[in-house]
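**Student:** Sharing a structure, written as structure tokens. Questions coming.
Numbering (the numbering used here), first residue to last: 8 to 142.
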């Protein structure tokens, strides 16, 4: 148990919170009233909450700045820390919707650029061989 605690402390000190949490949870599984492990788990939960709030605020700012890739990545970080975060789920859905609309608009633009020269020529084919009878 001392090994778990020492490793948990080391991971906590280098901000490897997931690995620290696993070590302290291992202690709690063996000794549910271990105060040191409980204290660290509470500190880790507080840190996760703080990170979640920071990542979410940055995701909202990125969305407002129309940096949808960054907004999506930050929303994913929030959801990796707090999978049931409703606002992050909603933001992620909005990001995906906007990205889909951008892709559709880009495809429409690409098609328009292909068709425009044909439409502007009025269907007037200047290639005389194309109009020749094959016999």
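Think of the CB as a built atom: it goes at the ideal place given N, C-alpha and C, for glycine as much as any other residue.
Leaving out five residues on either side along the sequence, give the residues of the same chain with a beta carbon under 6 Å from the beta carbon of residue 82.
**Tutor:** On the chain shown, position 75 is the one that residue 82 refers to. So the list reads 66, 95, 98 and 99, once near-sequence residues are dropped.
**Student:** Only counting the same chain, and skipping five residues up and downstream in sequence, which positions put a Cβ closer than 8 Å to that of residue 35?
**Tutor:** Walking along the chain shown from the start, residue 35 turns up at place 28. The residues are 41, 44, 45 and 48.
**Student:** Among the residues of its own chain, which have a CB less than 8 Å from the CB of residue 103, if the five just before and after it don't count?
**Tutor:** Position 96 of the chain shown, counting from 1, holds the residue named residue 103. Excluding sequence neighbours, residue 103 sits near 79.
**Student:** Roughly how many angstroms separate the alpha carbons of residue 73 and residue 92, rounded to a whole number?
**Tutor:** Locating residue 73 in the chain shown gives position 66, where the first residue counts as 1. Locating residue 92 in the chain shown gives position 85, where the first residue counts as 1. Spanning the two alpha carbons is a distance of roughly 22 Å.
**Student:** Considering Cα atoms alone, identify which of 52, 116, 22 and 64 is closest to residue 32.
**Tutor:** Counted from its first residue, the chain shown places residue 32 at position 25. Comparing Cα-Cα distances from residue 32 to each of 52, 116, 22 and 64, the minimum goes to 52.
**Student:** Span of the alpha helix (DSSP H) holding residue 105?
**Tutor:** Position 98 of the chain shown holds residue 105. Run containing residue 105: 93-127, per the alpha helix (DSSP H) assignment.
**Student:** In terms of alpha-carbon separation, which member of 119, 13, 23 and 8 lies closest to residue 39?
**Tutor:** Position 32 of the chain shown, counted from the first residue, corresponds to residue 39. Measuring from the Cα of residue 39, the nearest candidate turns out to be 8.
**Student:** Please state whether DSSP places residue 8 in a helix, a strand or coil.
**Tutor:** Within the chain shown, residue 8 is the residue found at index 1, counting from 1. Residue 8 falls in the coil class under three-state DSSP.
**Student:** Mind listing, in chain order, the continuous alpha helix (DSSP H) runs of no fewer than 4 residues lying wholly within the segment 17-83?
**Tutor:** With a minimum length of 4 residues, the continuous alpha helix (DSSP H) runs that stay inside the segment 17-83 are 24-37 and 42-71.
**Student:** For residue 76, which of 118, 88, 105 and 85 has the nearest alpha-carbon?
**Tutor:** Residue 76 sits at position 69 when you count from the first residue of the chain shown. Residue 105 is the option with its Cα nearest to residue 76.
**Student:** Alpha carbon to alpha carbon, how far is residue 19 from residue 114? Give it in angstroms, no decimals.
**Tutor:** Within the chain shown, residue 114 is the residue found at index 107, counting from 1. Within the chain shown, residue 19 is the residue found at index 12, counting from 1. The alpha-carbon atoms of residue 114 and residue 19 are separated by roughly 48 Å.
**Student:** Are the beta-carbon atoms of residue 25 and residue 54 separated by less than 8 Å?
**Tutor:** Along the chain shown, one-based indexing puts residue 25 at 18. Along the chain shown, one-based indexing puts residue 54 at 47. Their beta carbons are not under 8 Å apart, which means residue 25 does not touch residue 54 by this criterion.
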